[in-house]
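Here the structure comes first, spelled out in structure tokens, and everything after it is commentary.
In the numbering used here, the protein residues as written are -3 to 233.
Here it is in structure tokens:
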């Protein structure tokens, strides 16, 4: 009985959190676009928590490396206040000058994508965990399309690697906004929902939307609805 009450309390807190964030994400968006925009902004949420005082950078190197123990791979939903920065990438090593290589640490983006897919296709996974996992999955799949989330260059002058380009300083001119190679790749296509949407024509937006739905269906993520993802579906009392 105590476990049932604890589960209900956790779900209630998670639902309230999701609804609050959903409202913030869609407050400036036309009603007919809100679900679509919520998905887009949800995909950026794992980055947004890095700047929130409510979340902690767990692990060494300011949270860029996984901590020891089960905390690094825990999947407990929105009650988790760890940033899990080390989930965002997999630093596959390479060297242009024969420097020694260090393999990618675990967990990483590859291990977490597999873990979240497994939970999303498990009919026994609670809705609040599905919501959390889908938000992370959307983000990580996007991260993996950024080349410097998937590689680290080791050289004799950078024996610990370049951290996915974060240690490669650049000067890219006025208005660029980037001081390192990794950040340049992050922002090269623009930042923010409206910048992205305005850069795409309606035909391209329809193609992207269709591709996303097709991908979700092809990977058996058929039961995830926007009302479940964002906590607006009400359970019977």
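No residue lacks a Cβ here, since even glycine has one placed at the ideal position from N, Cα and C.
Predicted model only: the values in this text are computed from it and were never measured.
Mapping the DSSP letters down to three states, classify residue 52 as helix, strand or coil. Residue 52: strand per DSSP, three-state reduction.
Could you name the residues of the same chain whose beta carbon sits closer than 8 Å to that of residue 176, not counting the 5 residues immediately before and after it, in chain order? Result list for residue 176: 161, 162, 163, 164, 165 and 166, in chain order.
Between which two residues does the alpha helix (DSSP H) harbouring residue 178 extend? 177 to 183 is the extent of the alpha helix (DSSP H) around residue 178.
Where residue 78 sits in the DSSP three-state scheme: In the structure shown, residue 78 sits in a strand (DSSP, three-state: E or B).
For residue 124 versus residue 74, is the C-beta spacing smaller than 8 Å? Between residue 124 and residue 74, the C-beta gap is smaller than 8 Å, which places the two residues in contact.
Along the alpha helix (DSSP H) that carries residue 107, what are the first and last residues, could you check? Counting along the chain, the alpha helix (DSSP H) containing residue 107 begins and ends at 105 to 116.
Taking the alpha carbon of residue 316 as the reference point, which residue from 178, 51 and 86 has its own alpha carbon closest? Look at the range of the chain in this structure, -3 to 233, and you will see that residue 316 is not part of it.
Looking at the structure shown, is residue 91 part of a helix, part of a strand, or coil, going by DSSP? Assignment of residue 91 by DSSP, reduced to helix, strand and coil, places it in the coil class.
Considering just the uninterrupted stretch of the alpha helix (DSSP H) at residue 30, what are its terminal residues? For residue 30, the uninterrupted alpha helix (DSSP H) segment begins and ends at 30 to 38.
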